[in-house]
Amino acid sequence: MEVQTKLNIKINDLANEPKFKVLICNTKCNKNSFAGKILGLKLSEWVAFACENVPFEVVDYDKQLSLIDFAKKHVDYAYDYTIILLSNTPLITNDTIQNIIEYCKVKKIKLCKLNVGYVVSNEYLKSQENLLVDSIYTQNADDFYLVENKSQFTYAFKILSERINNFHINNGVEILSPTSTYIEPFVDISSGVTIYPNNSLKGKTTLSDNVILKENNVIENSKIGKGSCISGSEINGTIVSNNVYIASFCEIKNCIIGNDVIIEKGCSLKNTNVESNQKIKTNGVIDNTNDSNSGVR
219 MEVQTKLNIK INDLANEPKF KVLICNTKCN KNSFAGKILG LKLSEWVAFA
269 CENVPFEVVD YDKQLSLIDF AKKHVDYAYD YTIILLSNTP LITNDTIQNI
319 IEYCKVKKIK LCKLNVGYVV SNEYLKSQEN LLVDSIYTQN ADDFYLVENK
369 SQFTYAFKIL SERINNFHIN NGVEILSPTS TYIEPFVDIS SGVTIYPNNS
419 LKGKTTLSDN VILKENNVIE NSKIGKGSCI SGSEINGTIV SNNVYIASFC
469 EIKNCIIGND VIIEKGCSLK NTNVESNQKI KTNGVIDNTN DSNSGVR
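Going by our numbering, the first residue of the sequence shown is number 219, and it counts up by one from there.
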(Lines of atoms letter the chains of each structure in order from A and count residues from 1; the text may use other names and numbers.)
(Lines give C-alpha, C1' and ligand atoms only; values in the text may rest on other atoms or scores of the structure.)
Protein backbone atom coordinates (compact mmCIF):
# COMPACT_ATOMS: atom_id res chain seq x y z
CA MET A 1 0.00 0.00 0.00
CA GLU A 2 2.84 2.39 0.86
CA VAL A 3 4.46 1.82 -2.54
CA GLN A 4 1.14 2.38 -4.31
CA THR A 5 0.55 5.57 -2.31
CA LYS A 6 3.99 6.92 -3.25
CA LEU A 7 3.33 6.01 -6.88
CA ASN A 8 -0.01 7.83 -6.83
CA ILE A 9 1.63 10.91 -5.31
CA LYS A 10 4.29 10.87 -8.02
CA ILE A 11 1.66 10.54 -10.76
CA ASN A 12 -0.34 13.41 -9.26
CA ASP A 13 2.80 15.56 -9.08
CA LEU A 14 3.47 14.91 -12.76
CA ALA A 15 -0.13 15.73 -13.63
CA ASN A 16 0.19 19.04 -11.78
CA GLU A 17 3.47 19.99 -13.45
CA PRO A 18 3.09 23.20 -15.47
CA LYS A 19 3.12 22.65 -19.22
CA PHE A 20 5.35 24.69 -21.53
CA LYS A 21 5.18 25.36 -25.25
CA VAL A 22 7.75 27.17 -27.38
CA LEU A 23 6.59 29.84 -29.82
CA ILE A 24 9.29 30.31 -32.48
CA CYS A 25 8.85 33.74 -34.05
CA ASN A 26 10.07 33.34 -37.61
CA THR A 27 11.74 36.62 -38.52
CA LYS A 28 11.52 37.73 -42.14
CA CYS A 29 14.76 38.48 -43.95
CA ASN A 30 15.57 42.02 -45.04
CA LYS A 31 18.16 43.10 -47.59
CA ASN A 32 20.92 42.93 -44.96
CA SER A 33 19.90 39.52 -43.60
CA PHE A 34 21.32 36.14 -44.53
CA ALA A 35 18.69 33.48 -45.17
CA GLY A 36 20.92 30.47 -45.90
CA LYS A 37 20.96 27.07 -44.24
CA ILE A 38 23.48 25.92 -41.67
CA LEU A 39 24.44 22.26 -42.03
CA GLY A 40 21.26 21.56 -43.97
CA LEU A 41 18.81 23.30 -41.63
CA LYS A 42 17.18 26.72 -41.75
CA LEU A 43 17.78 28.95 -38.73
CA SER A 44 14.24 28.32 -37.47
CA GLU A 45 14.79 24.56 -37.86
CA TRP A 46 17.82 24.76 -35.57
CA VAL A 47 15.65 26.38 -32.89
CA ALA A 48 13.02 23.68 -33.45
CA PHE A 49 15.78 21.04 -33.24
CA ALA A 50 16.59 22.34 -29.74
CA CYS A 51 12.95 21.88 -28.66
CA GLU A 52 13.39 18.12 -28.20
CA ASN A 53 10.50 16.80 -26.04
CA VAL A 54 9.05 20.32 -25.77
CA PRO A 55 6.04 21.20 -27.97
CA PHE A 56 6.70 24.08 -30.35
CA GLU A 57 5.12 26.12 -33.12
CA VAL A 58 6.81 28.24 -35.79
CA VAL A 59 4.87 31.37 -36.78
CA ASP A 60 5.94 34.16 -39.14
CA TYR A 61 6.69 37.18 -36.97
CA ASP A 62 5.20 40.59 -37.72
CA LYS A 63 7.87 42.99 -36.48
CA GLN A 64 5.32 45.77 -36.21
CA LEU A 65 4.20 44.06 -33.00
CA SER A 66 6.21 43.57 -29.84
CA LEU A 67 7.00 39.96 -29.00
CA ILE A 68 4.46 40.03 -26.17
CA ASP A 69 1.68 41.45 -28.35
CA PHE A 70 2.57 38.93 -31.04
CA ALA A 71 2.41 36.09 -28.49
CA LYS A 72 -1.07 37.22 -27.42
CA LYS A 73 -2.29 36.49 -30.94
CA HIS A 74 -0.75 33.01 -31.06
CA VAL A 75 -0.80 31.71 -27.48
CA ASP A 76 -2.05 28.15 -26.93
CA TYR A 77 -4.06 28.12 -23.72
CA ALA A 78 -3.81 24.35 -23.47
CA TYR A 79 -0.40 25.13 -21.95
CA ASP A 80 0.52 27.05 -18.80
CA TYR A 81 3.56 28.89 -20.15
CA THR A 82 4.79 30.14 -23.51
CA ILE A 83 8.52 30.38 -24.23
CA ILE A 84 8.93 33.06 -26.90
CA LEU A 85 12.06 32.64 -29.04
CA LEU A 86 13.32 34.21 -32.25
CA SER A 87 14.06 32.00 -35.23
CA ASN A 88 17.48 33.56 -35.83
CA THR A 89 19.02 32.22 -32.60
CA PRO A 90 20.23 28.85 -33.98
CA LEU A 91 22.78 28.23 -31.22
CA ILE A 92 20.15 27.65 -28.56
CA THR A 93 20.27 24.13 -27.11
CA ASN A 94 17.82 21.74 -25.52
CA ASP A 95 19.79 22.01 -22.27
CA THR A 96 19.19 25.76 -22.20
CA ILE A 97 15.47 25.34 -22.87
CA GLN A 98 15.24 22.77 -20.07
CA ASN A 99 17.15 25.10 -17.73
CA ILE A 100 14.71 27.91 -18.56
CA ILE A 101 11.76 25.64 -17.81
CA GLU A 102 13.19 24.59 -14.44
CA TYR A 103 14.03 28.21 -13.58
CA CYS A 104 10.48 29.34 -14.31
CA LYS A 105 8.99 26.48 -12.30
CA VAL A 106 11.07 27.36 -9.24
CA LYS A 107 10.52 31.11 -9.54
CA LYS A 108 6.83 30.72 -10.47
CA ILE A 109 7.27 33.60 -12.88
CA LYS A 110 4.60 35.68 -14.57
CA LEU A 111 6.84 37.30 -17.18
CA CYS A 112 10.52 36.39 -17.47
CA LYS A 113 12.89 38.30 -19.77
CA LEU A 114 15.40 36.09 -21.59
CA ASN A 115 18.59 37.27 -23.28
CA VAL A 116 16.50 37.24 -26.46
CA GLY A 117 12.81 36.52 -25.95
CA TYR A 118 10.49 35.89 -23.01
CA VAL A 119 8.71 33.28 -20.95
CA VAL A 120 5.19 34.26 -19.97
CA SER A 121 2.44 32.71 -17.89
CA ASN A 122 -0.49 32.25 -20.24
CA GLU A 123 -2.92 33.09 -17.46
CA TYR A 124 -1.08 36.35 -16.82
CA LEU A 125 -0.93 37.05 -20.56
CA LYS A 126 -4.69 36.64 -20.82
CA SER A 127 -5.64 38.60 -17.72
CA GLN A 128 -3.44 41.70 -18.01
CA GLU A 129 -3.23 44.46 -20.60
CA ASN A 130 0.14 45.86 -19.50
CA LEU A 131 2.53 43.12 -18.46
CA LEU A 132 5.45 43.71 -16.11
CA VAL A 133 8.67 41.68 -16.06
CA ASP A 134 9.09 39.99 -12.68
CA SER A 135 12.21 37.94 -13.46
CA ILE A 136 15.28 38.07 -15.72
CA TYR A 137 17.09 34.96 -16.97
CA THR A 138 20.70 35.81 -17.83
CA GLN A 139 22.34 32.39 -18.05
CA ASN A 140 23.55 30.69 -21.26
CA ALA A 141 23.95 34.04 -23.03
CA ASP A 142 26.00 32.52 -25.87
CA ASP A 143 23.04 30.34 -26.85
CA PHE A 144 21.02 33.44 -27.73
CA TYR A 145 23.48 34.64 -30.38
CA LEU A 146 21.55 36.50 -33.10
CA VAL A 147 22.28 35.70 -36.75
CA GLU A 148 21.42 38.72 -38.89
CA ASN A 149 24.27 38.94 -41.42
CA LYS A 150 26.84 36.80 -43.24
CA SER A 151 29.53 37.29 -40.60
CA GLN A 152 27.22 36.12 -37.82
CA PHE A 153 26.05 33.24 -40.02
CA THR A 154 29.67 32.12 -40.49
CA TYR A 155 30.28 32.19 -36.75
CA ALA A 156 27.11 30.18 -36.03
CA PHE A 157 28.12 27.64 -38.69
CA LYS A 158 31.50 27.21 -36.99
CA ILE A 159 29.98 26.68 -33.54
CA LEU A 160 27.30 24.23 -34.69
CA SER A 161 29.81 22.25 -36.75
CA GLU A 162 32.14 22.02 -33.75
CA ARG A 163 29.29 20.81 -31.53
CA ILE A 164 28.34 18.05 -33.96
CA ASN A 165 31.92 16.91 -34.57
CA ASN A 166 32.72 16.93 -30.85
CA PHE A 167 29.58 14.89 -30.15
CA HIS A 168 30.77 12.16 -32.52
CA ILE A 169 34.39 12.31 -31.33
CA ASN A 170 33.21 11.85 -27.73
CA ASN A 171 31.23 8.80 -28.88
CA GLY A 172 34.30 7.08 -30.28
CA VAL A 173 34.44 8.33 -33.87
CA GLU A 174 37.91 9.22 -35.17
CA ILE A 175 37.70 12.46 -37.15
CA LEU A 176 41.18 13.25 -38.41
CA SER A 177 40.42 16.82 -39.52
CA PRO A 178 37.35 18.27 -37.76
CA THR A 179 37.71 21.66 -39.46
CA SER A 180 37.36 20.10 -42.93
CA THR A 181 34.63 17.62 -41.98
CA TYR A 182 31.00 18.54 -42.69
CA ILE A 183 28.40 16.52 -40.76
CA GLU A 184 24.71 17.39 -40.71
CA PRO A 185 22.71 16.90 -37.48
CA PHE A 186 20.69 13.81 -38.47
CA VAL A 187 23.72 11.75 -39.52
CA ASP A 188 24.18 8.63 -37.36
CA ILE A 189 27.77 7.39 -36.88
CA SER A 190 28.78 4.28 -34.91
CA SER A 191 31.84 4.20 -32.70
CA GLY A 192 34.97 2.88 -34.37
CA VAL A 193 34.36 4.77 -37.62
CA THR A 194 37.37 6.62 -39.09
CA ILE A 195 36.81 9.79 -41.12
CA TYR A 196 39.69 11.30 -43.10
CA PRO A 197 39.77 15.00 -44.16
CA ASN A 198 37.31 16.69 -46.54
CA ASN A 199 34.28 14.47 -46.02
CA SER A 200 30.69 15.71 -46.25
CA LEU A 201 27.93 13.66 -44.61
CA LYS A 202 24.41 14.86 -45.29
CA GLY A 203 20.77 14.07 -44.61
CA LYS A 204 19.91 10.82 -42.82
CA THR A 205 23.16 9.03 -43.55
CA THR A 206 24.19 6.10 -41.33
CA LEU A 207 27.74 4.81 -40.90
CA SER A 208 28.02 1.39 -39.23
CA ASP A 209 30.87 -0.05 -37.16
CA ASN A 210 34.44 0.22 -38.45
CA VAL A 211 33.60 2.10 -41.63
CA ILE A 212 36.56 3.97 -43.10
CA LEU A 213 35.97 7.10 -45.15
CA LYS A 214 39.09 8.15 -47.02
CA GLU A 215 39.46 11.74 -48.24
CA ASN A 216 36.92 13.68 -50.32
CA ASN A 217 33.65 11.75 -50.06
CA VAL A 218 30.18 13.26 -50.31
CA ILE A 219 27.57 10.90 -48.84
CA GLU A 220 23.90 11.82 -48.60
CA ASN A 221 20.86 9.86 -47.33
CA SER A 222 22.78 6.59 -47.54
CA LYS A 223 23.53 3.64 -45.28
CA ILE A 224 27.11 2.35 -45.18
CA GLY A 225 27.53 -1.17 -43.77
CA LYS A 226 30.09 -2.55 -41.33
CA GLY A 227 33.72 -2.61 -42.36
CA SER A 228 33.19 -0.82 -45.66
CA CYS A 229 35.76 1.59 -47.07
CA ILE A 230 34.98 4.48 -49.42
CA SER A 231 37.55 6.69 -51.09
CA GLY A 232 36.78 10.01 -52.77
CA SER A 233 33.34 9.21 -54.17
CA GLU A 234 29.82 10.61 -54.25
CA ILE A 235 27.05 8.41 -52.87
CA ASN A 236 23.39 9.39 -52.69
CA GLY A 237 20.28 7.45 -51.68
CA THR A 238 22.18 4.16 -51.58
CA ILE A 239 22.48 1.14 -49.29
CA VAL A 240 26.06 -0.11 -49.14
CA SER A 241 26.29 -3.48 -47.37
CA ASN A 242 29.15 -4.89 -45.29
CA ASN A 243 32.84 -5.05 -46.28
CA VAL A 244 32.39 -3.11 -49.52
CA TYR A 245 35.27 -1.20 -51.11
CA ILE A 246 34.48 1.80 -53.32
CA ALA A 247 37.46 3.43 -55.01
CA SER A 248 37.81 7.11 -55.89
CA PHE A 249 35.91 9.16 -58.49
CA CYS A 250 32.79 6.97 -58.35
CA GLU A 251 29.23 8.26 -58.52
CA ILE A 252 26.62 5.95 -57.00
CA LYS A 253 22.97 6.98 -56.80
CA ASN A 254 19.84 5.08 -55.69
CA CYS A 255 21.59 1.70 -55.58
CA ILE A 256 21.76 -1.36 -53.33
CA ILE A 257 25.28 -2.76 -53.05
CA GLY A 258 25.65 -6.29 -51.64
CA ASN A 259 28.29 -7.62 -49.24
CA ASP A 260 31.97 -7.90 -50.21
CA VAL A 261 31.60 -5.91 -53.44
CA ILE A 262 34.56 -4.09 -55.01
CA ILE A 263 33.86 -1.02 -57.13
CA GLU A 264 36.96 0.24 -58.90
CA LYS A 265 37.85 3.82 -59.84
CA GLY A 266 35.62 6.06 -61.91
CA CYS A 267 32.46 3.95 -61.91
CA SER A 268 28.97 5.41 -62.33
CA LEU A 269 26.08 3.36 -60.92
CA LYS A 270 22.49 4.58 -60.93
CA ASN A 271 19.29 2.79 -59.92
CA THR A 272 20.82 -0.67 -59.83
CA ASN A 273 21.35 -3.59 -57.47
CA VAL A 274 24.78 -5.18 -57.20
CA GLU A 275 24.70 -8.62 -55.60
CA SER A 276 27.34 -9.79 -53.12
CA ASN A 277 30.91 -10.73 -54.12
CA GLN A 278 30.85 -8.81 -57.41
CA LYS A 279 33.53 -6.55 -58.88
CA ILE A 280 32.72 -3.51 -61.01
CA LYS A 281 35.78 -2.73 -63.09
CA THR A 282 37.37 0.69 -63.63
CA ASN A 283 35.14 3.28 -65.34
CA GLY A 284 32.17 0.90 -65.39
CA VAL A 285 28.82 2.55 -66.14
CA ILE A 286 25.47 1.03 -65.14
CA ASP A 287 22.31 3.13 -65.40
CA ASN A 288 19.05 1.26 -64.96
CA THR A 289 16.88 4.32 -64.43
CA ASN A 290 14.20 2.98 -66.80
CA ASP A 291 14.48 -0.70 -65.84
CA SER A 292 13.53 -1.46 -62.24
CA ASN A 293 14.38 -5.17 -62.56
CA SER A 294 17.97 -4.71 -63.71
CA GLY A 295 21.05 -5.28 -61.65
CA VAL A 296 24.50 -6.82 -61.53
CA ARG A 297 24.47 -10.48 -60.54
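Even glycine gets a Cβ: it sits at the ideal position worked out from N, Cα and C. None of the values given here were measured: they were computed from a predicted structure.
Are the CB atoms of Leu329 and Glu275 within a distance shorter than 9 Å? No, they are not a contact pair.
Considering Cα atoms alone, identify which of Gly443, Gly445, Ile442, Ile413 is closest to Glu433. Nearest neighbour of Glu433 by Cα position, chosen from Gly443, Gly445, Ile442, Ile413, turns out to be Ile413.
Environment of Ile448 [buried if 16+ CB atoms lie within 10 Å]: buried
For Lys420 and Glu380, what's the separation of their Cα atoms in angstroms? 16 Å
List the residues that DSSP assigns as beta-bridge partners of Phe274. Paired residues: Val240.
Identify every residue that forms a DSSP beta bridge with Glu319. According to the sequence provided, residue 319 is Ile. The question's Glu does not apply to it. The partner list for Ile319 (beta bridge, DSSP) is empty, contrary to what the question assumes.
Less than 9 Å between the beta carbons of Lys237 and Tyr297, yes or no? Their beta carbons are under 9 Å apart, which means Lys237 touches Tyr297 by this criterion.
Would DSSP call Val429 helix, strand or coil? coil
Assign Lys420 to one of three DSSP states: helix, strand, or coil. strand
Going by DSSP, name the residue or residues bridged to Val405. Per DSSP, none; premise fails for Val405.
State the DSSP-derived secondary structure class of Lys376, mapped to helix, strand or coil. helix
At what residues does the beta strand (DSSP E) containing Lys471 begin and finish? 469-471
From Asn435, Leu309, Val272, Glu482, pick the residue whose C-alpha is nearest to that of Lys260; which is it? Leu309
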